[in-house]
Structure formats: C-alpha cells, structure tokens
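Engineer: Protein chains in written order, with this note's numbering: chain A, 2 to 206; chain B, 2 to 206; chain C, 2 to 206; chain D, 2 to 206. For every residue, glycine included, the Cβ atom is placed at its ideal position computed from N, Cα and C.
Protein chains: 4
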Amino acid sequence: MSAARQRTRHDVLSEFRSAEIMAAARSVFAAKGFADATVDEIAQVAGVAKGTLYLYYRSKRAIYLASVRSGLEQLLARLRDELAGVSTVKDRIRAFVRTRLTYFDEHRDFFRIYYSEFTNLLNVLPASQRFVREMYEQQIAMLAAAIDGASDRGAMRPLDAGKVALVIAELTRGLNGERALRGSTRTVDEEVVFVVDLIWNGLER
Amino acid sequence: MSAARQRTRHDVLSEFRSAEIMAAARSVFAAKGFADATVDEIAQVAGVAKGTLYLYYRSKRAIYLASVRSGLEQLLARLRDELAGVSTVKDRIRAFVRTRLTYFDEHRDFFRIYYSEFTNLLNVLPASQRFVREMYEQQIAMLAAAIDGASDRGAMRPLDAGKVALVIAELTRGLNGERALRGSTRTVDEEVVFVVDLIWNGLER
Amino acid sequence: MSAARQRTRHDVLSEFRSAEIMAAARSVFAAKGFADATVDEIAQVAGVAKGTLYLYYRSKRAIYLASVRSGLEQLLARLRDELAGVSTVKDRIRAFVRTRLTYFDEHRDFFRIYYSEFTNLLNVLPASQRFVREMYEQQIAMLAAAIDGASDRGAMRPLDAGKVALVIAELTRGLNGERALRGSTRTVDEEVVFVVDLIWNGLER
Amino acid sequence: MSAARQRTRHDVLSEFRSAEIMAAARSVFAAKGFADATVDEIAQVAGVAKGTLYLYYRSKRAIYLASVRSGLEQLLARLRDELAGVSTVKDRIRAFVRTRLTYFDEHRDFFRIYYSEFTNLLNVLPASQRFVREMYEQQIAMLAAAIDGASDRGAMRPLDAGKVALVIAELTRGLNGERALRGSTRTVDEEVVFVVDLIWNGLER
DNA sequence: TATGAATGAGCTTTCATTCAT
DNA sequence: CATGAATGAAAGCTCATTCAT
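1. For D/Glu83 and B/Ala50, I'd like the C-alpha separation in whole angstroms.
2. Is it true that the CB of B/Ile114 sits closer than 8 Å to the CB of B/Ser68?
3. Give the DSSP-derived three-state secondary structure of A/Leu204 in the structure shown.
4. Please tell me whether A/Tyr65 has its Cβ less than 8 Å away from any Cβ of chain B.
5. Using a Cβ cut-off of 7 Å, pull out every chain D residue sitting near C/Ile200, in sequence order please.
6. Looking at the secondary structure, which residues open and close the alpha helix (DSSP H) in which B/Met136 lies?
7. Using a Cβ cut-off of 8 Å, pull out every chain B residue sitting near A/Lys164, in sequence order please.
8. Looking only at its own chain, which residues have a Cβ that is under 8 Å from the Cβ of D/Ile148, when we skip the five neighbours before and after it?
9. Please classify A/Val98 as buried or exposed, where buried requires at least 16 neighbouring CB atoms within 10 angstroms.
10. Does the segment 166-182 of chain B come close enough to the segment 8-17 of chain C that 3 or more CB-CB pairs lie under 8 Å?
11. Go ahead and label B/Leu66 buried or exposed: buried means 16 or more other beta carbons lie within 10 angstroms of its beta carbon, across all protein chains shown.
12. Going straight from the alpha carbon of D/Asp106 to that of D/Val189, what length do you get?
13. How would you call D/Glu205, buried or exposed, if buried means at least 16 neighbouring beta carbons within 10 angstroms?
14. In terms of residues, what are the limits of the alpha helix (DSSP H) holding D/Leu160?
15. Is there at least one Cβ from chain B nearer than 8 Å to A/Ala142's Cβ?
16. Leaving out five residues on either side along the sequence, give the residues of the same chain with a beta carbon under 7 Å from the beta carbon of A/Arg27.
17. So, under 8 Å CB-CB, D/Thr120 and C/Ser117 are touching, yes? Tell me the CB distance rounded to an integer number of Å.
18. So with CB distances below 8 Å, who are the chain C contacts of D/Arg27?
19. The alpha helix (DSSP H) spanning A/Asp153 covers which residue range?
20. Could you list the residues in the segment 100-116 of chain A with a C-beta less than 7 Å from some C-beta on chain B, going in chain order?
21. Does the beta carbon of D/Leu182 sit closer than 8 Å to a beta carbon anywhere in chain C?
22. Using a threshold of 8 Å, state whether the C-beta atoms of B/Ile43 and B/Leu54 are closer than that.
23. Would you please verify whether the beta carbon of D/Gly175 is less than 8 Å from any beta carbon of chain C?
24. Beta-carbon separation of B/Leu123 and A/Leu182 under 8 Å?
25. Does DSSP put D/Ser117 in a helix, in a strand, or in coil?
26. Taking C-beta to C-beta, are B/Met143 and B/Leu80 nearer than 8 Å?
27. Closest to A/Gly86 by C-alpha separation, out of A/Gly175, A/Thr100, A/Gly155, would be which residue?
28. Please classify B/Asn177: does DSSP put it in a helix, a strand, or coil?
29. Kindly list the residues whose CB is nearer than 7 Å to the CB of C/Phe30, restricted to its own chain and excluding five residues on each side of it in sequence; keep chain order.
30. For A/Leu176, is the classification buried or exposed, using 16 other Cβ atoms within 10 angstroms of its Cβ as the cut-off for buried?
31. Please state if the CB of C/Gly72 and the CB of C/His108 are separated by a distance shorter than 8 Å.
32. Please check the pair B/Glu21 and B/Ala47, which I expect to be a contact at CB under 8 Å, by giving their CB distance rounded to whole angstroms.
33. In chain A, which residues lie less than 7 Å from B/Phe119 when you measure between Cβ atoms?
34. What residues from chain B crowd round A/Glu135, counting only those whose CB sits closer than 7 Å?
35. Just the C-alpha distance for D/Glu138 and D/Leu14, rounded to the nearest angstrom, thanks.
36. Taking Cβ-Cβ distances shorter than 8 Å, what residues in chain D pair up with C/Leu172?
And the structure:
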C-alpha cells in the first residue's frame, strides 16, 4: 500500500509535469511555429529548467510531435463518440462538422499547430510523422463509414462515400482556418447550420 | 542612345538574374520550407554567389515573400481573365474552381509554399506579410462579385455571396492539398466535374 | 557490543558499496575514457542511484582518481613482494618485468585507465593527481634500489641504476600497450623471456 | 596570368589560415586534451571567428585528427629520409632513435597529442582514427625493414626484426614521455648515446 | 543513508548577413 | 556589379551536481 501510494504520488507528479510541458509546448508552438519556437522558451513557460524537458521528451521535435498526437487522439475519440450517438446520414454529417468546428474552437492553440503540420505532409515524410497523415485519414474513413450505404438505401444521391467524406473534411478544415484567420464572427452553431445545409442540399436525392 | 542600349542590356541581365533567383528560391523553399531552406542552397541552385542574392533582395525572408507574391499575382491575373470570359453563375464557379486547380497543378512548387504560408496567417502578422492574406481575400472577393446578384435574379438559392465564395475557395484549397498529398489520381477535369456538380446542387434553387 | 556489531555491519555494507562502485567505475572508465564516461552509467553498472555515488566520492574526478590509486597501490604492493623474493640482479629484473606484465594482463581495465592517465601527466598537474606520478616514480625507485650496487659488485656493466630502471619500466609499459593494442599473441612468460634476455644482454658485463 | 595570380593569392591566404588554425589547435589540444579543449579557445588562439574553423574543418574532431595526421606525416617523412642516409644496422637504429627523440623534442605540442592519442588506440576504433595506428605500424615496419637481414648476415644476434623494431619504438616512445614528463635533463644526443649503447649491446653478436 | 528528478552552465554546430577585393 | 570568406549570434542538447523526500 505504501508502495502503491508512493507510486501514485510519483505518477501524479510526473503527469503533472508532463502536462505542464505539453501545455507550454502547445502555446509556444502555436505562437511561433516549430522552427521559431525555442526550447528555452517552452521551458520558461512550463516553469521548469531546460534540462527537465529532456527528461520527458527526447528532443524538440519529440515534444512537438507529442503535442500534435495528443490533440489528434482527443479529436478522434470525440468524433467516434459523437458519430456513434446519431443514426441518420444528415445527423452524422452534422455531428462530424460540429465536432470538428467545436473542438478547434476550444483548442485554438492545437489548431494552429495541426494546421501548420499539414504543410509538412506535402513534403517527404520521415516515418515519425506519418501518423499525422494516418490520423487524418482515419477521420475521413470514420465519416465515410458513417455515410456508407446511404446512397444504396436511397438516402443520398449516388456518390462515392469516400470522396464525399473527403470534401466535407476539407471543407470543415477550411472553415476552421477561416474562423481562426478572420476571427469567428459567427457562432459554431450558425456555422454548422450554414455548411450542413449547403452540403446536404448538394447530397440529397 | 548608347546609354539607353546599355541600360537595356543591363535590365535584361538583371531581370534574368532575378528570375533565376526566383526560380531557385521557389524550388528550394518548396522542398525544404522556409526554415530549413538555406540561402547557400538557393544561391547554388540559382548559379550565383551568395552575396549576389543580397544585391537583389534585402534578406532571406524578402526572397521568400517575393516568391509568394509573384505566384499570387499570376494566379490573380488568371482568375480575372477566366472569370471575365464566362457569364452564368455556374460557369463562373466552374471557371474559378478549374483555374485554381489547374494553376496549382502546373505550379506544384508554388503551391507548397503558398499552402504552408497559410499557417503563418494564423499568427500575428508582420505588415510585410499582410499581402498574402489580402491577395487571398481578393480571390474570394472576385468570386463573390462574380456570383453576386445571382440570388436576386433567382439563379441561385438565397445565400450570402461572400459566404458561398469563401466556402468554394476553401474547398478548392482543400482539394489542391489533397491532390498534392495523395497524389492526383484524377485529372483536373474530373475533379472539376465532381466538385462543381456537388456545389451547384447545393446552391441551385 | 551491539553498537560495535552495527558499526561493523555498517562498514561491511559501506565497503561493499564502495567496492562495487569502484569496479563499475573501472569498467566504464576503461571502456569510454574519463571524458566520455558518464556518472549515470557508472551508477547503473554499480547498481546504485546516481546520488549515492556522491555519498562515497566528492565528484566524478574523485571516483576516477580513486580507481587509479587503488590499482596502483595493488601493483606497488605486488612489486614489493615479488622483488623481495629474489636476490640476483637478473632475477630481480625478471621479477619486475613479469609482475608488471602479469598484473596488467590480469587487469586490462585498470591498464587502459592507467595508460591513458599518463597523458595527463604531461600537462600541468593539479595537485590531486600528483600521486599518479609519484607512484610511478616509486616503482622505478624500487627497481633502481633492487639493482643498485650491482655495477660496483661487477654483476653488471657500469651504468646508472636509475636510468636503467627507467628504461626497463618504460619498456614494459610499452610492451603492455602493445599487448593490449595488437592483442597478446604471446604468453606473458614468452614475453618475459624475450625482453629479459634482450635487456640482460645489454647490461651484462 | 591574372587568374593564376588570383588563384595563388587565394591559396596562400587559405593555406595561411589553415596553418594558423592548425597551430592553434595543436597548442590548445596539447594543453587541454581533446575533451577539455573548446572550439572557442582554438578560434581565439587562431585569431579567427568560431565559424571560420568550420569553413576549414568539418568538426572539432576533424580539426583534432588533422593535427595528429599532419604531425605523423612529417615524422614519417623524416624517418624515411634519415634511415635512407645510413647503411649499417647500428647507424640505422641510431638514426631511428635520434629522429624520434629530436622530432618530439622540437614539437612538444604535437607529442602531447600523439601520446594521448595512443590511449584511444586501446579502445574500439572508429575507422576515422585507424590511421593513427597504421602510421605507427609504418614507423615500426620501416625500422624492421632497415634491420632485416642483419641477423642472417651475422651483423646481429638471431632475433626477429619485427620484435626488435617494436621494442625500440616502444622504448623511444617511453623515453619521449619521460623527457616530457620530468623535463629533459639530458640533451637528445646524450640520450641517444645511452639508449643506443644499451640496445646495441643487447643485439650485438 | 539512499534516491533520482531537477537543474542550468556550457558545449558544438549552423547559417543569415556583411564587406574587402 | 559579383564574389565568397569571414563573422558571431543563437540554438539544441548533455550531464555533473544538488537536494527534497
């Protein structure tokens, strides 16, 4: 029991530090981008010494990738939950769009990083970053699966589910960029209504 | 007259150098991104000495911004031309989509740079980069103007022209990213048919 | 009595720890050299926490010097014993050569450290390392004393005992280096026969 | 011609810088050893900026290895010359011993580095340092060749030339270490007389 | 005593920019 | 105008040492 308690206290401390570093990293990377962010600044914002970062992460890049991955995992989990909660095609599309808009609205810092990471996808990828692309593909696949069969059942025009999912994903990403860029003049809900209406009109039989 | 001839020869040489530097810069920035590109490599690819770059451009960043600006100017000019050549709303939308897809298909290097530059738009902008955003807004404004009034004339559902233009612009940007990312398995024309069909279905009365 | 027993147990534990640290240090310093060895690795090999090392030694350098000193003390003690066991000049020279070759053959790790330490002797010495030189001089002095008077007694050509001792010491050090370097293709005994024969031929009347 | 002159001026400058850096490196590495020497200090002693070092050498280690190699090449060349100038076995041995003693007497800084480098030979060698060992073997091989056949001709006791050469090489290295260590109380010539007398007595028929 | 997380000085290396030729 | 050697600030990372537990 004593050992367990110690272990726990230890873990708590460790997780706390790790979370603080992650939060600092997100904030700094979001503000400066990967290249212009300095390990010094991340450490300072996290309130720890530079060397401490290296107890938790191998390198600057590792910190960065961890911040991308953790955000993406959370987003994926949320998408899964929300999609599972509704059953009609239109509701699923709405859930997908709303979840993505909401998530990035709530995590502006993460969005900046994620958005910028897309750039790198265009270049030759070191395997270590492959996951970014894979996790993006997973989101699309998730939506594609959710609307798959709708055409056959006559709930939608006869269109390829994968292509439709891709378009919807890109569109919401664009909207998120727009909202971050211009400043969101509309609420997430207003945005959702507008986009889903537009999309659904284009898909409906 | 002799002076004029010399002047001209001068200009020709100068423009030639400048163009070579620009081409080299595009190629290197596209491959490495701004931070990882080195002035050394650009000079080498351009076939000039490093110091020479600084006779034509104030700094590495200036070279970069010039490469973004020149591409954007060309794209804007093309959009203007293509939009002026057609008159119905659907044709204009199709022209807009096709021009953007075609242009980036032809200038992959520039697209990588442009795409990545969007990241920076999310951050506080030094005035020197403001133009990127402005020129993006111009593209949207151009399309918005092209479809403005369509709703009133009953040629389209009653939707805000600016919002619609924005959605279309983001959608094509997303598609370009997708094509660059996955490798374009479809021709530009096939892509245009699919997207315009989808959009128009969503907009049509 | 209880206190005494506790004290003893204490000492035993302490000596055990100290010995383990020393063994680990020898192994790591031998493999990596002083600069490239890390305190972390020594602690790991010793099976104790890093902080524990600092309970037994003041610093990394102190650990290092202790490992040099302990080896040198053992070597000196052996030389003393072996030289005391024989009486003719030739036997003493043979004992000296054999003991050094044997000792380093048995303690390769220590030899690497000792050998490398000679380098530092060439530089300005912090007092803390003076002992390395002194203990080397002691070995030579020991041999010098062992052959002193031999010239006078006509057992040897008239040569300065100190110089002769020095030459023999350097020669055996060189041979040890050679054996460690090339891999010992000959047994210690074969080596001894060859060298002592050569030396003695040079010294003999 | 103009081009040739420029080229030359260029080369001269470059060689001058390179030599200055090399001299500074030798001095600093000799005083501090590889690990404790800093690139900063070498640059300062050389009178150039830190970055300049990297125009001439890839890395700190490259600077170091260059300093070892250049010294060893010079020593080898000298040994070749001196050995070629004499013909009897005893003269050749004397030439070998004298050249090595003299060279290191004149290049104390280099000797410190070279001497210390021997330590590393005991450890697993990255290929980049293999040359140190090879060039040492060359010296021995050179002497072995110079005395080879002497036994057959009856000019020497029947001993293996390679082993004898090795012993002589190690002995002179030891003497050099000794001279550097204790401060040379004897002139090189006195040293040579003593050692060669000793050796020759041991070898002579 | 024993621990090992935390520290931060200090290191090597890179590269945009300058300027003498 | 063109060159490219020289510069030096700046950054990522390591690791001996400390100290709260």
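Structural biologist: In short:
1. Roughly 48 Å separates the two Cα atoms.
2. yes
3. helix
4. no
5. Residues of chain D passing the Cβ test: Gly203.
6. Element bounds for B/Met136: 131-148.
7. Phe195
8. Val90, Arg93, Ile94, Met157, Ala162, Val165, Ala166
9. buried
10. no
11. buried
12. 8 Å
13. exposed
14. First-last for D/Leu160: undefined, no H or E at that position.
15. no
16. Ser68, Asp110, Phe111, Ile114
17. 4 Å
18. Going along chain C, no residue has its Cβ under 8 Å from D/Arg27, so there is no contact; the nearest lies around 14 Å.
19. Unbroken run through A/Asp153: none, as it is neither H nor E.
20. Arg113, Tyr116
21. yes
22. yes
23. yes
24. Result yes, Cβ atoms of B/Leu123 and A/Leu182 sit closer than 8 Å.
25. helix
26. Yes, the Cβ-Cβ distance between B/Met143 and B/Leu80 is below 8 Å.
27. Closest option to A/Gly86, judged by alpha-carbon separation, among A/Gly175, A/Thr100, A/Gly155: A/Thr100.
28. helix
29. Ala38, Tyr65, Ser68, Ile114
30. buried
31. yes
32. With 8 Å as the limit, B/Glu21 and B/Ala47 qualify as a contact, their Cβ atoms being about 5 Å apart.
33. Gly178
34. Going along chain B, no residue has its Cβ under 7 Å from A/Glu135, so there is no contact; the nearest lies around 12 Å.
35. 35 Å
36. Val168, Glu171, Leu172, Gly175
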